[in-house]
Amino acid sequence: MTVDPAAASCPVPRTDSSHIRLGHGSGGQLMAELLGEVITPGLLPPGPMEDAAVLPDPGGDLALSTDAFVVTPRFFPGGDIGMLAVHGTVNDLAMRGAVPIALAVSYVLEEGLPMAELRRINDSVAKAAADCGVAVVTGDTKVVNRGACDGIYITTTGVGRIAPAAAVSAANAAVGDAVLVSGPIGSHGTAILSVREGLGFEAAITSDTRPLHELVAAMLAAGGAGVHVLRDPTRGGLASALIEVAQASQVGIEITEAAVPVPTPVTAACELLGLDVWHVANEGCLIALVAPEAADAVLAAMRTCPEAEHASLIGRVTAGPSGRVTARTPLGTARVVDMLIGEQLPRIC
Amino acid sequence: MTVDPAAASCPVPRTDSSHIRLGHGSGGQLMAELLGEVITPGLLPPGPMEDAAVLPDPGGDLALSTDAFVVTPRFFPGGDIGMLAVHGTVNDLAMRGAVPIALAVSYVLEEGLPMAELRRINDSVAKAAADCGVAVVTGDTKVVNRGACDGIYITTTGVGRIAPAAAVSAANAAVGDAVLVSGPIGSHGTAILSVREGLGFEAAITSDTRPLHELVAAMLAAGGAGVHVLRDPTRGGLASALIEVAQASQVGIEITEAAVPVPTPVTAACELLGLDVWHVANEGCLIALVAPEAADAVLAAMRTCPEAEHASLIGRVTAGPSGRVTARTPLGTARVVDMLIGEQLPRIC
Amino acid sequence: MKYLDEYRDPVLARRLLSELESTATRPWTLMEVCGGQTHTIVRQGIDELLPHGIRMIHGPGCPVCVTPLEMVDKAIAIASRDGVIFCSYGDMLRVPGSGGDLLGVKARGGDVRVVYTPLDAVSLAVANPDRQVVFFAVGFETTAPANAMAVKQAASLGLDNFSVLVSHVLVPPAITAILDAPDNEVTAFLAAGHVCAVMGWTQYEPIAAAYRVPIVVTGFEPLDLIEGIVMAVRQLETGRAEVENQYVRAVRRTGNSRARDTIDEVFTLTDRTWRGIGEIAHSGLRLSEAYRHHDAETRFPVEREATRESEVCIAGEILRGTRLPTDCLAYGTACTPRHPLGAPMVSAEGTCAAFHTAGRGRQATLEEQ
Amino acid sequence: MKYLDEYRDPVLARRLLSELESTATRPWTLMEVCGGQTHTIVRQGIDELLPHGIRMIHGPGCPVCVTPLEMVDKAIAIASRDGVIFCSYGDMLRVPGSGGDLLGVKARGGDVRVVYTPLDAVSLAVANPDRQVVFFAVGFETTAPANAMAVKQAASLGLDNFSVLVSHVLVPPAITAILDAPDNEVTAFLAAGHVCAVMGWTQYEPIAAAYRVPIVVTGFEPLDLIEGIVMAVRQLETGRAEVENQYVRAVRRTGNSRARDTIDEVFTLTDRTWRGIGEIAHSGLRLSEAYRHHDAETRFPVEREATRESEVCIAGEILRGTRLPTDCLAYGTACTPRHPLGAPMVSAEGTCAAFHTAGRGRQATLEEQ
Amino acid sequence: MCLGIPGRIVDVAQGRPRMGTVDFDGLRREACLEYVPEAETGDYVIVHVGFAISRVDEAEAARTLAVIRAIPDALATELGTEP
Amino acid sequence: MCLGIPGRIVDVAQGRPRMGTVDFDGLRREACLEYVPEAETGDYVIVHVGFAISRVDEAEAARTLAVIRAIPDALATELGTEP
Ligand code: SF4
Ligand code: SF4
Ligand SMILES: [Mg+2]
Ligand SMILES: [Mg+2]
Ligand SMILES: [Mg+2]
Ligand SMILES: [Mg+2]
Ligand SMILES: [Mg+2]
Ligand SMILES: [Mg+2]
Ligand SMILES: [Mg+2]
Ligand SMILES: [Mg+2]
Ligand SMILES: [Mg+2]
Ligand SMILES: [Mg+2]
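Structure below.
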């Protein structure tokens, strides 16, 4: 027997990188590789990794918004968690009349996430940000144990510059304001539900997730200070958005149920599962409360934008009761619109 | 038998709120309650819930930094995930010479998280932010299924105003710079490890998590443009921080091993588990690379701050090889400092 | 959607309502048995459009609502067990038991899952041979064939880890019990269309005859409901008491024989307690002897705890119009829409909730209304 | 820390080194057997401070490193099974098998856990009666008593779900094998202090005598190591070949009899393959018959796949100084510190890794050095 | 009770119990067709918790609507807009 | 191989195997003392993977150091700084 003692020395990680490992979040070489090879390219500007990014003096008021994205499944008809994370925050900035100038992107990754999925999602973040004309300037990546995350969670935080004319707030609704919606509701939430594990649906529904800041710019150009409130009716759906505005502005809102556009397959999904489409989450539309004298101009401007060709007038702001939203039914009766209580569950009755 | 048909009508959620439920993240009433009763008070300014916060024109360059906090356990000797999430981002801003002006806080909560823990953590975020003199201006809360998060993850994003004199970057180290450390290393990472489930240690170690922006202000006041690099050696520890700076600045760094302060119990923990203390994460200290002519003044200024009374000179920037960090051992020999490869694992040999 | 949209046409609804207006000459009290019908009536405001004197009472036709407290508590106890995957239709998850609900069990770590169909629970049992899968089999006659098929399927697959917690209820005994009550005011019934799609309406014929009460098998859309009301009122006005079928597109007199046969094979009649009503003889289904192996109640014996409903709630009187919400000691304090103690505080349409949402205070009295 | 800090004193180290300087008159090649000692020597740069001609060769004393590829592959196969909780000391998790490592198994969904002590694995078996807990029992004589105790404990608790994958190795047969090699250059050994704390040093006495080679039982701190080297060189210079004990504070000649008895009870001698060395007769431990019930290899039979090491690696020649890293075809391309093909690329202290970190390119030749 | 929605059978599978795919205006789901042996591809069925419980009778459906449409519109008659 | 760290026994529990608490400069962990029956509270033991494998002999430890301290410091002697 020949002995080569040297050949018996300590081996070291020869890691395959087909899946995320805990070590990818350790702050060491594996992490540097992950950042350098997978995450940074295309997403962040080249240069040294800094603790914080520098934004040159924006010269005006800013909007700041953050949202965590935890959607399951992470790929769904019409989109994925990456683009959603960009659109969601760009839209929240837009809802204050702001144009996005910088995004911070923070990932929590589950050990075992296929690297190919991370690449795909990261590319989607990069592409969505580029499409929105906003730079991702800083980010963070953590890895947690398998079973301590559902693949990937993304928190995006956006900084926006508020258009000088804009004074948009949930508290600004005034009696007589027109309530506008930029397009059909319910597509996003039902698209997600239709592919959610266990429900077993094949869908003809795709999420309408998209950025709305250009639409908002067009609306502000047309309506100026007449644009009182902007809101993207995400979680909680149209009902929550309207009730929140009614409460914040201490007004009533009356909506004509039949005027609210709902795509046919969305109606079908809601019928089948016993859901209220007004409680279903949206990602690609907004509601606007606009002074009556500006409403026509704003609605016309909206309809020139591809993201709002089907914009509609759906209701009016009333004197109250404060915080109360009512729906005028097709039969002409009025019902109080209630907020979803807990989560949405399929019903049998 | 008396029949009361009306009494047979539909009951509704009479939820106990001792634990987080999925419905707390649904955008409906339960969520409004959670925000109104637990999260918003003390954390966010009163007023309507808006999609984005408005920051008045800051009138200067900004720093932007984001970090996800996923620490297990969420309460540890010396701190908790809430204060860590504030300190971590405040410190990242400080590492670019910035004073924090606004924080965005995003929670991902696990269904089943005891409400009392959430209150405690939320209070801790609020207190830490107040202690740092920075306002939390916006936030987000999501709830994921039980088993899809380890209790709570927090992403904080900070906006800071950069001090006019500051020009701090990982790329700014120059040959001859003094390498300073603000205090003993290793306490945070070993405090976490010592209480991590399964290791079974009772620790005399507490995390030193704390904000460093006031220390940085004092350093900038003393050293001005002579403060070239600031870095908080978090994940990856001192070794990663030094190597990253050496790479970004294309210089060499030589550290005198014996000059690096390490608390006794931290040494013990590292001996016992076979860890390299230079790879252990820190949260309460920083390294600074300072022009030689400013080093004494900066070091003196640091020592007047309670968070850096034991600040030390630990090394020098050399001409290279570029990106190489070497340690001068107590025996006088030199060794190349390597970055942690993957995660830190207890060793038996 | 075909067969839905055309039955929601407001113009045709108006025609039916005018027809009703011209038909009704006296006050009548009708009960729609089914919760689905109640939902349409209240949501669309159909009750507000009825001629003066035509009053709708909402029946006990919600299988979720009538599931007895004790059974909800049993479900919670079983779902809380280690190793159990507890499957349920979504609406049962929020129903409060004595000390919480199934969503709370899930939040505290129980493996509680929503299924769209009971066959999904069977699939879960196949996929998790080391776990016990328990399905909460609630429902009226409409749901019984589906739940029965799941049990048959599990039996034929030899699944030892699949069982059902059965709380099925039947409509005709409930109608009879309502009619037997001394203070009954109901003069006609709209029978539940989907229950009859399975069962047909032959069971209702002796009831209509014996109690001299019109029964109209009715669908769920606005036109269905208004037409059903028109047909019932027309019987009342002309002194008839027959079973008629408004929901002709989906219901035949003898129902669905295959589905009924499967119910008969898997289940057998039993006495059952209805929440808010009490025990009604032969008003429920339990597993037949042949399928007892899949009975969750025998597999997971649960200590029978004393169950309790709120004592302060005066829901019955409020809904019969004899007292106001503001007369209730709990109104606006212990009882709110988010924490209802009784049915009328439950949804925006409930009397107490409507009062509360409208901001009416305790000082308001009947006179002020 | 008491008993650590005082043995790291650089001033005393200098005194010992000057003592060594004055003792050594000729070149000698010493091998420290233990990886822990290697760690101190390389990290503190002790080898750089030795007098010219005194050369340290790093021995096979890392139980992690010498665990045969086949056993790592077996561990990976078992850890990948459903229902298994695979427990290991942390350092085994990164050791590459033929197609991955245990951390990769964990990333792909295997339940792989790091334990600090084998008793924790036993506790896991108690806490998870429905899972199979497998502990990867690697180590030298130091670790064998701990691992043996875990097996005894599991047996006395009657745990049917606890087993061990045993890959224990023994030091004296390895020393003998090294001495038997035709190209052996080692003239003295520093024996591993902690192995001897358990075993004593009587086993080394016949080796020292037979091969005329000094063996010094040595501790792990800089002063221990330099003193051990001084003691070995003094023997060499004076022509002695004895077993001496530098690590007197922890090691007695007969070791720890209780620990040895437990090893003898639970384990029995076996032939074992050492990674990078080959099979050495009677150089390992396996479970004794009495404890075969807890043998993971019989409980989880693994298809024996052909295992393979890199063929291009010239580690042996590089470490004997006959070739340079830049002569290796894989250097800097297929083989880098993050993706090492052989031992010298493994840690910053390895020759190949040192070359690579210093940026030396393939064009560099021996002359240029 | 008993949410039941009409959908069109687009596919019938072999095997017991009889399963098939039902289309609800673009949304498709597998449903058990065991209880509607007479229903074939193209037929509408009422689906409740994944089970078809009844075939929709097209002729009866049309008849119901025709009956309602035949009712004169009182308001339109008053205003003279009824055709 | 075989990371072994000296720690001081601060507590010995009843039962088999013999367990106790060992203090490592402030960090404490339970360790198995079954193999060091002679070691009592206050004694230092070498702990490896949670097992005390050897009691530290204080006298021998001191002797080792004394021997090394007795070596003249060549450099200091040269420079005349050795006391
Ligand atoms: S649970 Fe309530 S809402 Fe649902 S059907 Fe029954 S009564 Fe109607
Ligand atoms: S694994 Fe490597 S570093 Fe650890 S003891 Fe063995 S040879 Fe040394
Ligand atoms: Mg940092
Ligand atoms: Mg937001
Ligand atoms: Mg948002
Ligand atoms: Mg970060
Ligand atoms: Mg997962
Ligand atoms: Mg929003
Ligand atoms: Mg950051
Ligand atoms: Mg940070
Ligand atoms: Mg949000
Ligand atoms: Mg958890």
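Residue numbers (the numbering used here), protein chains in the order written: chain Z, -7 to 341; chain U, -7 to 341; chain A, 43 to 411; chain C, 43 to 411; chain R, 244 to 326; chain E, 244 to 326. C-beta: ideal position from N, C-alpha, C; glycine also. Only a predicted model underlies this, so the values are computations on that prediction, with no experimental measurement involved.
Given a length threshold of 4 residues, each whole run of the alpha helix (DSSP H) inside the region 223 to 301 of chain C is given here in chain order: 235 to 241, 246 to 253 and 264 to 280. Counting only residues of its own chain and dropping the five nearest sequence neighbours on each side, Gly104(Z) has a CB closer than 6 Å to the CB of His11 and Arg138. Counting C-beta pairs closer than 8 Å gives three or more between the region 128 to 136 of chain C and the region 158 to 176 of chain C, which meets the contact rule. Ligand 11 never approaches Thr147(U) closely enough for any of its heavy atoms to be under 8 Å from the residue's Cβ.
For Val285(C), the number of other beta carbons within 10 angstroms of its own is at least 16, and it is reported as buried. Annotation: the continuous alpha helix (DSSP H) that includes Pro257(U) extends over Thr256 to Leu265.
Of Ala283(Z), Val272(Z) and Arg202(Z), the smallest CA-CA separation from Cys297(Z) is found for Arg202(Z). Proximity of Asp162(C) to chain U, defined by a Cβ-Cβ separation below 9 Å, is satisfied.
Comparing alpha-carbon positions, the option among Cys238(A), Pro171(A) and Ile271(A) lying closest to Val293(A) turns out to be Cys238(A). Of the other Cβ atoms in all chains shown, 16 or more fall within 10 Å of the Cβ of Glu74(A); this residue is therefore buried. Cβ proximity to chain Z below 7 Å picks out nothing from the region 268 to 282 of chain A. With contacts defined by Cβ atoms closer than 9 Å, Ile184(U) and Pro65(U) form a contacting pair. Under the 9 Å criterion on CB atoms, Lys116(A) is classed as non-interfacial with respect to chain U. In the structure shown, His94(C) adopts coil according to DSSP, grouped into three states.
In the DSSP annotation of this structure, the continuous segment of the alpha helix (DSSP H) that includes Met211(Z) starts and ends at His205 to Gly215.
Gly104(U) reaches chain A at Ala149, Arg150 and Gly151, counting residues in chain order whose Cβ is nearer than 7 Å.
A distance of 9 Å or more separates the beta carbons of Ile177(U) and Leu54(U). In the same chain as Ala283(C), and ignoring 5 residues on each side of it, the C-beta atoms closer than 6 Å to its own belong to Ala250, Arg254, Val255 and Pro256, in chain order. Apart from the 5 residues on each side of it in sequence, Gly312(U) sits with its Cβ closer than 6 Å to the Cβ of Gly244 in its chain, given in chain order.
Scanning chain C for C-beta atoms nearer than 7 Å to the C-beta of Leu246(E) yields Gly78, reported in chain order. Thr58(U) has its Cβ nearer than 8 Å to a heavy atom of ligand 6.
Here Leu111(C) carries a helix assignment [DSSP, helix/strand/coil]. For Leu54(C) against Leu267(C), the beta-carbon gap comes to about 12 Å, at or over 8 Å, which does not count as contact. In the assembly as shown, Val288(R) is a buried residue. Its beta-carbon has 16 or more other beta-carbons within 10 Å. Bridge pairing for Met75(Z): absent [DSSP]. Annotation for Arg173(C): no beta strand (DSSP E) segment contains it, and DSSP assigns it neither H nor E. Of all residues in the region 143 to 154 of chain U, the ones placed with a Cβ closer than 8 Å to any Cβ belonging to chain Z are Tyr145, Thr147, Thr149, Gly150, Val151, Gly152 and Ile154, in chain order.
Taking C-beta atoms under 8 Å as the contact rule, Val176(C) and Ser205(C) qualify, at a distance of about 5 Å. Of the residues assessed, His16(Z) falls on the buried side of the cut-off, its CB having 16 or more other CB atoms within 10 angstroms. Excluding the 5 residues flanking it on each side, Gln86(C) has same chain C-beta neighbours closer than 8 Å at Pro264, in chain order. In the structure shown, Gly77(A) adopts helical secondary structure according to DSSP, grouped into three states. In the displayed model, Ala117(C) falls within a helix according to three-state DSSP.
In this chain, Leu246(R) is not harboured by any alpha helix (DSSP H), its DSSP state being neither H nor E. Counting of Cβ neighbours within 10 angstroms places His94(C) among the exposed residues, the total staying below 16. Listed as beta-bridge partners of Cys141(Z) by DSSP are Cys141(U). In this structure, ligand 11 has a non-hydrogen atom nearer than 8 Å to the beta-carbon of Thr133(U).
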